[in-house]
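See below for the structure under consideration.
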Amino acid sequence: MSIRTVLRRFRNGVCLAAMAGSVVASPAVCAHPHVWIAYSAQLQMEGRTVLAVAQTWRFTKGFPAQLTGIDTLPQDGPLDAKQSAIFKQQAFASLASTSYFNHLFVDGKPQRFRDPDDFRVSIDHGRIVYSFTLKLVSPVSADGHQLDLGIWDDSFFVAYAPDGQNAVTIGPNAQASCTAKSFMDHSHPIFNGIVVPLANAISC
Amino acid sequence: MRTGAGVAHVGGMALVIRRRLKTGARAVAACLCMTVAAAAVAAWSATLATAAASPGTVAPGVATPGVGTPGVATSGGAGPAIDVFGRPITATPPADSSNGSDSGSDASQAATAVHPPDGTRASDASAAKPGADVPESSPQPAHVFHLPEPVRATLAAGLMLQGELDSRIEDAANELHHSSSPRVWLTLVLMSLAYGMLHAVGPGHGKLAVGTWLGSRRARVTQALLLGGWTASVQAISAIVLVFGAAWLSASGLSMVLSRAESLEIVSYTLLCAVGVWALWNALRNADCCFDPNAIRLTPTKAQMRIRDGNGDGDSDEGNAYLGARIQLRRFEGARRTRVFGADTDRRTTPVARGYSTWVASVRTAPLAQFLATGVAAGVRPCVGAIFVLVASIAAHAPWVGIASVFAMAFGVAITVSVVGLAGVGANRLVASQPRSRRRLQTTQRMLATVGALILIAFAGVQVAMLLTGQMAASLT
């Protein structure tokens, strides 16, 4: 078999593989993400019981806030109540069905959250920042149970990344032995199994 | 004599080229009108309903064109408003939310749930009852594939890279607020080009359409390149028309742009389905897919007659259907071989050879309208990244930079889509070059055309059905 024949067969094989790949994987993958958020979260605990998750979302500078209908934003500082309400309605409330992308598992079982409290929007160095607290419907004990907390969007339209080294911390009322340790959550891959999100194991 | 014949030949060719250019220009114009109309209708569709709807909140000024009127949680003709997270805006969020469904109870879950220390929320206590518990099973994400780790890691790295580029592009577009120096917009355009190439690497229905369409016929390399460019151009034009139409024409401003972009998904799939049906019809009629230049027949087929008659250049009377014509054809092929080796053979080219050449070209050239419709179907739904860049550039009062960036993205997309198209062309040639296929080239070509058309119909038809029945929500890419 000549080299030319081998090369032609290789080329044809690549062509067929590309075609087959396009056909098989076409509906599965989209060109996400389009929104990027750096998050930090504090677990509000009483002793060994988790009550709520207070968090901050810091958007990138290119976040298209104009799509909310607001055209002028302050250079720095908090937004007024009217503008915060617009943000809440136009670019936050829709996430209720996803628990605002919060995933808290107790022994692998997902937990439910209430409506967010104390939702605030501010501008920090040109970046939009959301702050809010999500209370658990049923506070959960970390005593003898495996607690995992992660923030991710299953569709990967929004990409979450921890804001700094210690993005997830434990609140001041928690037992001193309680810690949060980050890990790659291979048991909950997202975006058709392509992306493995980051989660935090809470132990006391 | 020879000079006169040469002039006549050149004149004839010029006539044919002019006629084809005119036809092509008409078809391109028609398809551009279709694209603009589809995007404009999507941009305009919600205007009346939105204008009639109560605003709900007060618009904080209208310094930026198209921005304002934020009370748009109500939907217009384009469906429910979509927010920047790609999700429908809800007027009243649910009382509480969970990661999974609300059915069932779980004893172990009840055991882990404890009452809050303050005990003030009655609803908290009720939530701890078995009936209000979270589902028994741990909801796994709805992913389809279990990819091998190296494949997954590679795909994830590519995604992160294109995501990083997209993020930087949006940041750079935002920088136009403060500086629109050549350095800023040149950086923006170059990053957009790179993003376009990477963005198109991930499989999508556009590449499926282009690859399948080209793979199902004996298309040429030029066609693959042109279809890639056409598809990307349609996508860019669609985004521009949608965003600028919303900014300047729509009462709801930019806040309904994503909703309208999403509504174009069903337009895209419907058109793709129509292209598939059209291709299938042509394949069954042997109209544009199936020929064998080496076949020798005593009489021409109906399809060959149709093609020959359609040429109308007066040279193709003999085609290659007859044995006598075949003998003359050999002369042409001999001349062509001579030309390859550098000799001047123009004077040796016979009218029959020219007729054969024209016939093959016409057969190999797929119907232009179908070609253009495939591009429109594949590209009519705009990319969210392009929309966000345009929105940022409008807000920064630098719309031209946004448009340049979107066309740079389109150029990058065109490169990648063209590669997929070339893969389709190569796949077709691979199948046709197999010894078994070569013996029955016409049948093989027809089979490929039929299978390709059926793939398009099945894929697009299922998507349309699922979208119409609500089993699948329209999505943004």
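Heads up: the protein sequence lines correspond to chains Z and B, in order. Residue numbers for the first sequence follow this note's numbering, so the first one is 1 and each next one is one higher. Residue numbers for the second sequence follow this note's numbering, so the first one is 1001 and each next one is one higher. No residue lacks a Cβ here, since even glycine has one placed at the ideal position from N, Cα and C. Since the structure is predicted, the reported quantities are computational estimates derived from the model, not experimental observations.
Would you kindly work out how many angstroms separate the C-alpha atoms of residue i and residue j, rounded to a whole number?
| i | j | result |
| --- | --- | --- |
| residue 1372 of chain B | residue 1213 of chain B | 11 Å |
| residue 1388 of chain B | residue 1182 of chain B | 21 Å |
| residue 1434 of chain B | residue 1368 of chain B | 29 Å |
| residue 1179 of chain B | residue 1456 of chain B | 46 Å |
| residue 1167 of chain B | residue 1277 of chain B | 40 Å |
| residue 44 of chain Z | residue 1384 of chain B | 36 Å |
| residue 1375 of chain B | residue 1227 of chain B | 6 Å |
| residue 1394 of chain B | residue 1087 of chain B | 23 Å |
| residue 1219 of chain B | residue 1390 of chain B | 35 Å |
| residue 155 of chain Z | residue 1440 of chain B | 47 Å |
| residue 199 of chain Z | residue 39 of chain Z | 12 Å |
| residue 1085 of chain B | residue 1262 of chain B | 13 Å |
| residue 1266 of chain B | residue 1237 of chain B | 18 Å |
| residue 1207 of chain B | residue 95 of chain Z | 31 Å |
| residue 1223 of chain B | residue 1215 of chain B | 11 Å |
| residue 124 of chain Z | residue 1081 of chain B | 28 Å |
| residue 1420 of chain B | residue 201 of chain Z | 43 Å |
| residue 109 of chain Z | residue 167 of chain Z | 23 Å |
| residue 1447 of chain B | residue 1264 of chain B | 32 Å |
| residue 119 of chain Z | residue 42 of chain Z | 15 Å |
| residue 1380 of chain B | residue 1401 of chain B | 22 Å |
| residue 1234 of chain B | residue 1386 of chain B | 12 Å |
Could you tell me which chain Z residues have their CB closer than 7 Å to the CB of residue i, listed as they occur along the chain?
| i | result |
| --- | --- |
| residue 1155 of chain B | 194 |
| residue 1088 of chain B | 94 |
| residue 1254 of chain B | 66 and 67 |
| residue 1146 of chain B | 193 |
| residue 1454 of chain B | Per Cβ cutoff of 7 Å: no residues; residue 1454 of chain B is ~12 Å from chain Z at best. |
For residue i, count the other beta carbons within 10 Å of its own beta carbon; 16 or more makes it buried, fewer makes it exposed. Which is it?
| i | result |
| --- | --- |
| residue 1241 of chain B | buried |
| residue 1186 of chain B | exposed |
| residue 1248 of chain B | exposed |
| residue 143 of chain Z | exposed |
| residue 183 of chain Z | exposed |
| residue 1191 of chain B | buried |
| residue 187 of chain Z | exposed |
| residue 1217 of chain B | buried |
| residue 1382 of chain B | buried |
| residue 173 of chain Z | exposed |
| residue 81 of chain Z | exposed |
| residue 1150 of chain B | exposed |
| residue 1160 of chain B | exposed |
So which residues on chain Z does residue i lean against when the C-beta distance must stay under 9 Å?
| i | result |
| --- | --- |
| residue 1258 of chain B | 67 |
| residue 1243 of chain B | By Cβ distance, chain Z contributes nothing, its closest Cβ being about 10 Å from residue 1243 of chain B, past 9 Å. |
| residue 1391 of chain B | 64, 66 and 67 |
| residue 1152 of chain B | 189, 193, 194, 195 and 196 |
Report the neighbours of residue i on chain B: residues whose CB is nearer than 8 Å to its CB, in chain order.
| i | result |
| --- | --- |
| residue 61 of chain Z | 1170, 1171, 1174 and 1175 |
| residue 36 of chain Z | 1163 and 1167 |
Please list, in chain order, all residues of the same chain as residue i whose beta carbon is under 7 Å from its beta carbon, the five residues on each side excluded.
| i | result |
| --- | --- |
| residue 152 of chain Z | 101, 103, 160, 190 and 197 |
| residue 1162 of chain B | 1195, 1198 and 1199 |
| residue 128 of chain Z | 59, 63, 65 and 121 |
| residue 1464 of chain B | 1266, 1269, 1270 and 1273 |
| residue 195 of chain Z | 156 and 189 |
Which same chain residues, not among the five before or five after residue i, have their C-beta less than 8 Å away from its C-beta?
| i | result |
| --- | --- |
| residue 111 of chain Z | 104, 105, 136, 137, 138 and 140 |
| residue 114 of chain Z | 134, 135, 136 and 137 |
| residue 1403 of chain B | 1240, 1390 and 1393 |
| residue 51 of chain Z | 44, 45, 135, 136 and 139 |
| residue 1476 of chain B | 1082, 1086, 1258, 1261, 1262 and 1384 |
Might you give, ordered along the chain, the residues of its own chain that have their beta carbon closer than 6 Å to the beta carbon of residue i, omitting 5 neighbours on each side?
| i | result |
| --- | --- |
| residue 1280 of chain B | 1453 |
| residue 36 of chain Z | 60 and 159 |
| residue 1449 of chain B | 1216, 1217, 1283 and 1289 |
| residue 1472 of chain B | 1466 |
| residue 117 of chain Z | 133 |
| residue 1405 of chain B | 1188, 1189, 1192 and 1389 |
| residue 1225 of chain B | 1418 |
Could you name the residues of chain B that residue i contacts, counting a contact when the two beta carbons are closer than 7 Å?
| i | result |
| --- | --- |
| residue 158 of chain Z | 1085 |
| residue 54 of chain Z | Residues of chain B passing the Cβ test: none, with the nearest at roughly 15 Å. |
| residue 33 of chain Z | 1163 |
Confirm the yes/no value for this check: CB of residue i, any heavy atom of the ligand COA, distance under 7 Å.
| i | result |
| --- | --- |
| residue 1369 of chain B | For the ligand COA, the structure offers nothing, since it holds no ligand at all. |
In chain B, which residues lie with their C-beta within 9 Å of the C-beta of residue i?
| i | result |
| --- | --- |
| residue 91 of chain Z | 1083, 1084, 1085 and 1089 |
Given that residue i touches chain Z, what residues does it touch there, using C-beta distances under 8 Å?
| i | result |
| --- | --- |
| residue 1283 of chain B | The premise fails here: residue 1283 of chain B is roughly 18 Å from chain Z at the closest Cβ pair, so nothing lies under 8 Å. |
> Are three or more beta carbon pairs between the stretch 132-141 of chain Z and the stretch 52-64 of chain Z nearer than 8 Å?
Replying inline: yes
>> Below 8 Å, how does it come out for the stretch 59-69 of chain Z and the stretch 1158-1176 of chain B: are there three or more Cβ pairs, yes or no?
In response: yes
>> Could you check whether the stretch 82-97 of chain Z touches the stretch 1406-1420 of chain B, counting it as contact only if at least three pairs of C-beta atoms, one from each stretch, sit closer than 8 Å?
In response: no
>> Between the stretch 1264-1273 of chain B and the stretch 1394-1412 of chain B, can you find at least three pairs of beta-carbon atoms closer than 8 Å?
In response: no
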